[in-house]
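Undergrad:
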Amino acid sequence: MKTLYQQIDIFNDVPAQSYKQNRINQLSARSGTFTDNIKLPVHRWFKYSAGFSAEWAEQLILKHTTSSPIIVLDPFAGSGTTLLSADKAGAISYGYESHPFVYHIASAKLLWHLDEYEFMELANTVLETAKELSVKLKPPENIPPLLLKCYTSDSLLGLFSLRDAFNNIVTLQQSQGRSAYYDLVWLTITAILRPCSHVGTAQWQYILPNKRKANTLDPFEAYKAKIYEISSDMIFAKHAGFVKSATMYPHDAREQGLLKKASVDLVLTSPPYPNNYDYADATRLEMTFWGEINSWGDLQHAVRRFIIRSSSQHSAAERLQLDQLLADQFVSPIVSELSEVCNDLAEIRLTKGGKKTYHTMVAAYFCDLAKVFLALRPICKTGSTVCFVIGDSAPYGVYVPAEDWLGRLAVSAGFKSFSFEKLRDRNIKWKNRKHRVPLHEGRLWIEG
Ligand SMILES: C[S@@+](CC[C@H](N)C(=O)[O-])C[C@H]1O[C@@H](n2cnc3c(N)ncnc32)[C@H](O)[C@@H]1O
Numbered sequence: 000m001k002t003l004y005q006q007i008d009i010f011n012d013v014p015a016q017s018y019k020q021n022r023i024n025q026l027s028a029r030s031g032t033f034t035d036n037i038k039l040p041v042h043r044w045f046k047y048s049a050g051f052s053a054e055w056a057e058q059l060i061l062k063h064t065t066s067s068p069i070i071v072l073d074p075f076a077g078s079g080t081t082l083l084s085a086d087k088a089g090a091i092s093y094g095y096e097s098h099p100f101v102y103h104i105a106s107a108k109l110l111w112h113l114d115e116y117e118f119m120e121l122a123n124t125v126l127e128t129a130k131e132l133s134v135k136l137k138p139p140e141n142i143p144p145l146l147l148k149c150y151t152s153d154s155l156l157g158l159f160s161l162r163d164a165f166n167n168i169v170t171l172q173q174s175q176g177r178s179a180y181y182d183l184v185w186l187t188i189t190a191i192l193r194p195c196s197h198v199g200t201a202q203w204q205y206i207l208p209n210k211r212k213a214n215t216l217d218p219f220e221a222y223k224a225k226i227y228e229i230s231s232d233m234i235f236a237k238h239a240g241f242v243k244s245a246t247m248y249p250h251d252a253r254e255q256g257l258l259k260k261a262s263v264d265l266v267l268t269s270p271p272y273p274n275n276y277d278y279a280d281a282t283r284l285e286m287t288f289w290g291e292i293n294s295w296g297d298l299q300h301a302v303r304r305f306i307i308r309s310s311s312q313h314s315a316a317e318r319l320q321l322d323q324l325l326a327d328q329f330v331s332p333i334v335s336e337l338s339e340v341c342n343d344l345a346e347i348r349l350t351k352g353g354k355k356t357y358h359t360m361v362a363a364y365f366c367d368l369a370k371v372f373l374a375l376r377p378i379c380k381t382g383s384t385v386c387f388v389i390g391d392s393a394p395y396g397v398y399v400p401a402e403d404w405l406g407r408l409a410v411s412a413g414f415k416s417f418s419f420e421k422l423r424d425r426n427i428k429w430k431n432r433k434h435r436v437p438l439h440e441g442r443l444w445i446e447g
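Residue numbers (numbering that gives the first Met the number 0): 0 to 447.
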């Protein structure tokens, strides 16, 4: 009788116990050095732009930790970097993420504490069912064009077999209640979608159908390798003394009232920047694959309406009016400078082919962030620390001093003071455009 390790045939004949020790040794060696999140156990399960390093987050949490565990909040938790770092540092943490798909990803990553053997068993059942299905599966009709652009028919067959096997098993088991292990298997499949595509599918943010990748993975092999990675990290996290205490909420950071008043010691986050990055588009491939959307047009309803208005697609879809946004009490502390920038943008857009709605995007962005500070103030303790990793921007070459305006909005919401620690210069998003405005990124420190 084969062990489960041997059944998922990326393993050879070594007994299960030795695998465990091997995997712990390998990961221990690696995590002693300063590493990108994408190489760190658990963080690496899904590639998402975190905004900051998990190791820095852990150090900051430890620095604030006194004799008893502190309470950490990430109101823009994304894929969960802060929360996982808090689990590693032994802090109690909460995360909000209002993008439904990203919330699902982060929630699955926080399941590192589950039993790895049970996860492998379920993942392997899905694989075996998928193999059977792949022999008889006919290509479905009406495959969304995005999937046809991203995959060969063989890859699609493998991926659809995994998806259908997963869905069939979930449906069969539904009467017994869907266990958290399904979310881990869902993440296993979700995380291999980009590596299995032969076209440019860089996470950040666009799909480039004309760009060919050097390495494309076979879906079943990629799936097995991901099971190996996830189960290794589950073993490692427990061995390394992670403490499971993080909680994610599918909550909108602009809304009041989820945590207790004056309960949070440290807010550590990276919000969307006012730089036209579209978080909804960032998961278009994955959401299309799972049938959550059919096309780009569905993103407004499925995602954008829940998130900060930081992209012109968003402000255009909402048909926002600049006058109304600027009259909003939330932006009153910065209204004269904000009006100047937005009115400039309103004029410049008329001279541009794309006529992008950056003028309303910028105004809506600062309205939204003002609400976030107002929602944070009551739940942060007096003397707490708030750190926003943030960058400025220059749509159509008009400079938007994000950290200064955000700091002032925070103070007007009742925080004591703010300062900015610059980390790096940048001009990435706009580098192919005509402007040469120098941009930067850093940490906005706000005193609670
Ligand atoms: C820079 S990313 C954060 C990345 C995160 N540090 C990580 O570890 O992955 C910003 C996140 O804020 C989320 N977001 C946008 N608007 C939000 C809102 N109103 N409430 C909560 N989360 C929101 C986006 O979906 C995105 O995942």
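Even for Gly, the Cβ is constructed at its ideal location relative to N, Cα and C.
Pairing CB atoms from the region 67 to 78 with CB atoms from the region 263 to 276, are three or more of them under 8 Å?
TA: Short answer: they touch.
Undergrad: Cβ of Asp403 versus every heavy atom of ligand 1: is any distance shorter than 7 Å?
TA: Along the sequence shown, one-based indexing puts residue 403 at 404. No; taking the cut-off as 7 Å, the Cβ of Asp403 has no heavy atom of ligand 1 nearer than that.
Undergrad: Roughly how many angstroms lie between the CA atoms of Thr384 and Trp444, to the nearest whole one?
TA: Position 385 of the sequence shown holds residue 384. Position 445 of the sequence shown holds residue 444. Each residue's alpha carbon lies about 7 Å from the other.
Undergrad: Which one of Thr268, Phe75 and Asp277 has the shortest CA to CA distance from Glu96?
TA: For this step, residue 96 is matched to residue 97 along the sequence shown. Ranking Thr268, Phe75 and Asp277 by Cα distance to Glu96 puts Phe75 first.
Undergrad: Would you mind listing the alpha helix (DSSP H) stretches within the region 72 to 129 that are 4+ residues and don't spill past its ends, in chain order?
TA: 80 to 88 and 99 to 108
Undergrad: Going by the beta-carbon positions, is the gap between Ala412 and Arg376 smaller than 8 Å?
TA: Translated into the one-based positions of the sequence shown, residue 412 becomes position 413. Translated into the one-based positions of the sequence shown, residue 376 becomes position 377. In contact: Ala412 and Arg376 (Cβ atoms closer than 8 Å).
Undergrad: For Ala105, collect the residues of the same chain with a Cβ closer than 6 Å to its Cβ; drop the 5 residues on either side in sequence, then sort them by chain order.
TA: On the sequence shown, residue 105 is found 106 positions in, with the first residue counted as 1. Ala76, Ser78, Gly79, Glu96 and Met247, listed in sequence order.
Undergrad: Which same chain residues end up closer than 6 Å to Ala301 when comparing Cβ atoms and leaving out the 5 residues on each side of it in sequence?
TA: By one-based count along the sequence shown, residue 301 stands at place 302. Excluding its 5 nearest sequence neighbours in each direction, Ala301 has C-beta neighbours in its own chain below 6 Å: Ile292, listed in chain order.
Undergrad: For a test of your reading of the model: does the CB of Ala316 fall under 7 Å from any non-hydrogen atom of ligand 1? Yes or no.
TA: Within the sequence shown, residue 316 is the residue found at index 317, counting from 1. No.
Undergrad: Just to confirm the assignment: which complete alpha helix (DSSP H) runs, minimum length 4, are found wholly within the region 209 to 271?
TA: 218 to 238
Undergrad: Looking at chain B, is there any beta carbon in it that lies within less than 8 Å of the beta carbon of Lys354?
TA: Of the protein chains in the structure, only one exists, and it is not chain B.
Undergrad: May I have the straight-line CA-CA distance separating Ala180 from Leu109, to the nearest angstrom?
TA: Translated into the one-based positions of the sequence shown, residue 180 becomes position 181. Translated into the one-based positions of the sequence shown, residue 109 becomes position 110. What sits at residue 180 in the sequence shown is Tyr, not Ala. Each residue's alpha carbon lies about 12 Å from the other.
Undergrad: For ligand 1, is there a heavy atom less than 7 Å away from the beta-carbon of Ile188?
TA: For this step, residue 188 is matched to residue 189 along the sequence shown. For ligand 1, not one heavy atom lies less than 7 Å from the Cβ of Ile188.
Undergrad: May I ask you to check if the CB of Tyr278 is nearer than 7 Å to at least one heavy atom of ligand 1?
TA: Counting from 1 along the sequence shown, the entry for residue 278 is found at position 279. Yes; taking the cut-off as 7 Å, the Cβ of Tyr278 has a heavy atom of ligand 1 nearer than that.
Undergrad: May I ask whether a heavy atom of ligand 1 can be found less than 7 Å away from the beta carbon of Glu96?
TA: Numbered from 1 along the sequence shown, position 97 holds the residue referred to as residue 96. Checking every heavy atom of ligand 1 against the Cβ of Glu96, one is found closer than 7 Å.
Undergrad: Just to confirm my understanding: we take Thr359, look at its own chain, exclude 5 residues before and 5 after, and list those with CB closer than 7 Å. What are they?
TA: Here residue 359 refers to the residue found at position 360 when the sequence shown is read from its first residue. The answer, listed in chain order, is Ser314, Leu319, Leu321 and Leu324.
Undergrad: Ends of the beta strand (DSSP E) at Thr384?
TA: In the sequence shown, the residue the question calls residue 384 occupies position 385. In the DSSP assignment, Thr384 falls within the unbroken beta strand (DSSP E) covering Cys379 to Gly390.
Undergrad: Pull the bridge partners of Gly441 from the DSSP assignment, please.
TA: Walking along the sequence shown from the start, residue 441 turns up at place 442. For Gly441, which the question treats as bridged, DSSP gives the partners Ile389 and Lys421.
Undergrad: Tell whether a beta-carbon distance below 8 Å holds between Ile333 and Arg407.
TA: Here residue 333 corresponds to residue number 334 of the sequence shown, with the count starting at 1. Here residue 407 corresponds to residue number 408 of the sequence shown, with the count starting at 1. Yes.
Undergrad: Does at least one heavy atom of ligand 2 sit under 7 Å from the Cβ of Gly406?
TA: Questions concerning ligand 2 fall outside what the structure shown contains, since the ligands it does hold are ligand 1.
Undergrad: For the region 124 to 179, list the alpha helix (DSSP H) runs that are entirely contained and at least 4 residues long, ordered along the chain.
TA: 144 to 149 and 152 to 172
Undergrad: Mind checking whether the beta-carbon of Gly256 lies closer than 7 Å to any heavy atom of ligand 1?
TA: Mapped onto the sequence shown, residue 256 falls at position 257. Outside the cutoff, so no.
Undergrad: Evaluate Thr151 with the Cβ neighbour count: other Cβ atoms within 10 Å of its Cβ, from every protein chain shown; 16 or more gives buried, anything less gives exposed.
TA: Locating residue 151 in the sequence shown gives position 152, where the first residue counts as 1. Result: exposed.
Undergrad: Is Leu126 closer than 8 Å to Leu156 when the C-beta atoms are compared?
TA: Within the sequence shown, the letter at position 157 stands for residue 156. Within the sequence shown, the letter at position 127 stands for residue 126. In this structure, Leu126 does not lie closer than 8 Å to Leu156 by Cβ.
Undergrad: Confirm the yes/no value for this check: CB of Tyr47, any heavy atom of ligand 1, distance under 7 Å.
TA: Residue 47 sits at position 48 when you count from the first residue of the sequence shown. Within the cutoff, so yes.
Undergrad: Tyr278 lies in the alpha helix (DSSP H); which residues open and close that run?
TA: The count along the sequence shown starts at 1 and reaches residue 278 at position 279. Residues Tyr278 to Ala281.
Undergrad: Within its chain, find whatever has a CB closer than 8 Å to the CB of Arg423; leave out the 5 residues flanking it on each side and keep chain order.
TA: Position 424 of the sequence shown, counted from the first residue, corresponds to residue 423. Around Arg423: His439, Glu440 and Gly441.
Undergrad: Would you kindly check if the distance between the Cβ of Ala245 and the Cβ of Asp86 is under 8 Å?
TA: For the purposes of this step, residue 86 is identified with residue 87 of the sequence shown, where counting begins at 1. For the purposes of this step, residue 245 is identified with residue 246 of the sequence shown, where counting begins at 1. Cβ atoms of Asp86 and Ala245: closer than 8 Å.
Undergrad: Quick one: residues in its chain with C-beta nearer than 7 Å to the C-beta of Ser67, no 5 flanking neighbours on either side, listed in chain order?
TA: Walking along the sequence shown from the start, residue 67 turns up at place 68. Cβ neighbours of Ser67 beyond the five flanking positions: none.
Undergrad: DSSP has Ile306 in a bridge; who is on the other side?
TA: Reading the sequence shown from its first residue, position 307 is the one you call residue 306. Paired residue(s): none; Ile306 is not in a bridge.
Undergrad: Quick check on Ile333: does DSSP put it in helix, strand or coil?
TA: In the sequence shown, residue 333 corresponds to position 334, counting from 1. Helix, per DSSP.
Undergrad: Does the beta-carbon of Asp391, which I'm using as the reference point, lie nearer than 7 Å to any heavy atom of ligand 1?
TA: Along the sequence shown, read from residue 1 onward, the residue named residue 391 stands at position 392. No, the beta carbon of Asp391 sits no closer than 7 Å to any heavy atom of ligand 1.
Undergrad: Determine, using beta carbons only, whether Ala88 and Glu115 come nearer to each other than 8 Å.
TA: Counting from 1 along the sequence shown, the entry for residue 88 is found at position 89. Counting from 1 along the sequence shown, the entry for residue 115 is found at position 116. In this structure, Glu115 does not lie closer than 8 Å to Ala88 by Cβ.
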